[in-house]
Amino acid sequence: MSAQRAPIELIELDQSPAETAATPPKEVDLRVGQNLRNARNLRGLTQRQLGEAVDLTLQQIQKYENGSNRITVSRLHQFSEILNVPVAQFFSGPATNAGVDDDETDGLKFSADDFEMLTLSHRLSSRMKRRLICLIEEMAEPA
Numbered sequence: 000m001s002a003q004r005a006p007i008e009l010i011e012l013d014q015s016p017a018e019t020a021a022t023p024p025k026e027v028d029l030r031v032g033q034n035l036r037n038a039r040n041l042r043g044l045t046q047r048q049l050g051e052a053v054d055l056t057l058q059q060i061q062k063y064e065n066g067s068n069r070i071t072v073s074r075l076h077q078f079s080e081i082l083n084v085p086v087a088q089f090f091s092g093p094a095t096n097a098g099v100d101d102d103e104t105d106g107l108k109f110s111a112d113d114f115e116m117l118t119l120s121h122r123l124s125s126r127m128k129r130r131l132i133c134l135i136e137e138m139a140e141p142a
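For the sequence shown, numbering that gives the first Met the number 0 assigns the number 0 to the initial residue and increments by one for each residue that follows.
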């Protein structure tokens, strides 16, 4: 006597290129892309340099950073190692820099000290971060 099997339900794992082109980026994709851009800028790398480090084109890095292409977990792990940031950092904070034009942030270069300060600040409590910001504002030279 043979047992009847239930029909197998097929699920779609990924969208075709035609479907993704018409689909606007999701909030999380925008956030991850913006945080990738910020981490890259903090390391003083160009999109081309980051792409070369992971064997991708400049255009692919641009698509990741603007959220039009999703980044796989394994690729995020590669980026985290190259940029020396935890993977979780790509998911933190707001999706965009409100009121800041991308043209203003693209040319920013950060020193190793800037990056170290940012990295260490993740260990501070919110209260201590606020105090540090106030201190830096007082010490900073006018623009």
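Even glycine gets a Cβ: it sits at the ideal position worked out from N, Cα and C.
* Burial state of Gln58 (16 or more Cβ within 10 Å) -> By one-based count along the sequence shown, residue 58 stands at place 59. With fewer than 16 Cβ atoms within 10 Å of its Cβ, Gln58 is classed as exposed.
* To do: Decide if the segment 27-36 is in contact with the segment 70-79; the criterion is three or more beta carbon pairs, one per stretch, under 8 Å apart.
  => yes
* Mind pulling the alpha helix (DSSP H) runs of 4 or more residues that sit fully within the segment 34-99? -> 46-52, 57-65, 72-82
* By DSSP, does Arg126 sit in helix, in strand, or in coil? -> Here residue 126 refers to the residue found at position 127 of the sequence shown. Correct three-state label for Arg126: helix.
* Asked: Which word fits Leu119, buried or exposed, when buried means at least 16 other C-beta atoms lie within 10 angstroms of its C-beta?
  -> Position 120 of the sequence shown holds residue 119. With fewer than 16 other Cβ atoms within 10 Å, it is exposed.
* **Where Glu136 sits in the DSSP three-state scheme** => Numbered from its first residue, the sequence shown carries residue 136 at position 137. Three-state DSSP puts Glu136 in a helix.
* Please work out which residues of its chain come closer than 7 Å, Cβ to Cβ, to Pro85, disregarding the five sequence neighbours upstream and downstream, and give them in chain order. => As a first step, residue 85 is located in the sequence shown; it is residue number 86 there, counting from the start. If we look at Pro85 and ignore the five residues flanking it on each side, its Cβ neighbours are Ser79.
* Residues of its chain near Arg47, where Cβ-Cβ distance is below 6 Å and the 5 sequence neighbours each way are ignored -> Position 48 of the sequence shown, counted from the first residue, corresponds to residue 47. If we look at Arg47 and ignore the five residues flanking it on each side, its Cβ neighbours are Leu57.
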